[in-house]
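Residue numbers (numbering that gives the first Met the number 0): 0 to 195. We put the beta carbon where it would ideally sit given N, CA and C, even for glycine. Just so it is clear, the structure is predicted and the values come from calculations on it, not from any experiment. A quick write-up on the structure given underneath.
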Amino acid sequence: MIPQPLEDLMKTLSKVPGFGRRSAQRAALHLLTHKDHLQKLQADLATVMRDTKTCTTCNSIALHDPCHICTDTKRHNNTLCIVEEVADLWAIERSGAFRGQYYVLGGLLSAIDGIGPDEIGVPKILSRLVNSEFSEVILALSASMDGQTTAHLIASKIKPLGIEVTTLAKGLPMGAEIDYMDEGTLSFALQGRRGV
Numbered sequence: 000m001i002p003q004p005l006e007d008l009m010k011t012l013s014k015v016p017g018f019g020r021r022s023a024q025r026a027a028l029h030l031l032t033h034k035d036h037l038q039k040l041q042a043d044l045a046t047v048m049r050d051t052k053t054c055t056t057c058n059s060i061a062l063h064d065p066c067h068i069c070t071d072t073k074r075h076n077n078t079l080c081i082v083e084e085v086a087d088l089w090a091i092e093r094s095g096a097f098r099g100q101y102y103v104l105g106g107l108l109s110a111i112d113g114i115g116p117d118e119i120g121v122p123k124i125l126s127r128l129v130n131s132e133f134s135e136v137i138l139a140l141s142a143s144m145d146g147q148t149t150a151h152l153i154a155s156k157i158k159p160l161g162i163e164v165t166t167l168a169k170g171l172p173m174g175a176e177i178d179y180m181d182e183g184t185l186s187f188a189l190q191g192r193r194g195v
């Protein structure tokens, strides 16, 4: 019933995070009925494929290698923030609260998926830290079980280098109502309380 090329497009789109089968179908049909959008998407994808690189220093997506963050002389060279994905780096950059260096893991440790320390670049992180100016490493990883396991392993490898290892504060988000918070979030918030 569905033409094979359209079925193939829908299967490809459904692999994109946030797209299920129905979203992929809607997107594919939209692109087919709006050829100008399809042509623009095709051109943008070709440009991204041609022009983007992975920074060999921080593992981020960039137009140059090393990227603009790694080569920015106004950034602090004493703090390294380790994040799971490039989107996490972008979110921290949007906040304007951090002016140090980054390393993007590209995933988290996962025994089920066969992702170990080498796959997320732990040896590369350690070689970057040895004989460097870094005095602090911030582990900005998710609060999931895999995130916490990854943070623990990385911290255990970095601490012998004499570098302070910290994590992001966990607790209540701005504007949150306490009765809507889960027990884990409330527990972290109470443990991490500070004076006013």
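Check your understanding: Looking at C-alpha atoms only, which residue of ALA27, THR165, TYR101 is the closest neighbour of ILE68?
Key -> TYR101
Review point. What runs of the alpha helix (DSSP H), each 4 residues or longer, lie entirely inside the segment 25-73?
Key: 34-50, 67-70
Exercise for review: Please confirm whether ALA23 and LEU8 have their CB atoms less than 9 Å apart.
Suggested key: yes
Check your understanding: What are the boundary residues of the alpha helix (DSSP H) that VAL85 is part of?
Key -> 85-94
Practice item. Quick one: give me the first and last residue of the alpha helix (DSSP H) that GLU6 is part of. Key: 3-13
Check your understanding: Should LEU104 and THR149 be called a contact, given that it needs their Cβ atoms to be closer than 9 Å?
Key -> yes
**Study point:** Same chain, Cβ closer than 6 Å to LYS39, five either side skipped, listed in chain order
**Key:** none
Review point. In this structure, what does DSSP give as the bridge partners for SER109?
Key: ILE114
**Study point:** Contact under 9 Å by Cβ, LEU79 with LEU12
**Key:** no
Review point. Using the beta-carbon count (16 or more within 10 Å), is ASN76 buried or exposed?
Key: exposed
Review point. Quick one: what's got a C-beta closer than 6 Å to LEU167's C-beta in the same chain, skipping five residues either side?
Key: ALA139
**Study point:** Nearest candidate by alpha-carbon position, reference ARG201, set ILE177, TRP89, HIS151, GLY170
**Key:** Given a span of 0 to 195 for the chain in the structure shown, any question on residue 201 remains unanswerable.
Review point. Do you know whose CA, among SER109, VAL85, PRO116, LYS73, lies nearest ARG98's CA?
Key: LYS73
Check your understanding: ALA139 bridges to which residues according to DSSP?
Key -> VAL82
Check your understanding: Contact check, ILE162 vs SER126 under 8 Å by CB: the rounded distance?
Key -> The Cβ separation is near 13 Å, so there is no contact.
Review point. From PHE18 to THR32, what does the alpha carbon distance come to, in whole angstroms?
Key: 19 Å
Practice item. Would you kindly check if the distance between the Cβ of ALA154 and the Cβ of PHE187 is under 9 Å? Key: no
Check your understanding: If you draw a straight line from the C-alpha of VAL82 to the C-alpha of VAL121, how long is it?
Key -> 12 Å
Check your understanding: Just the Cα atoms here: how many angstroms apart are THR70 and GLU92?
Key -> 15 Å
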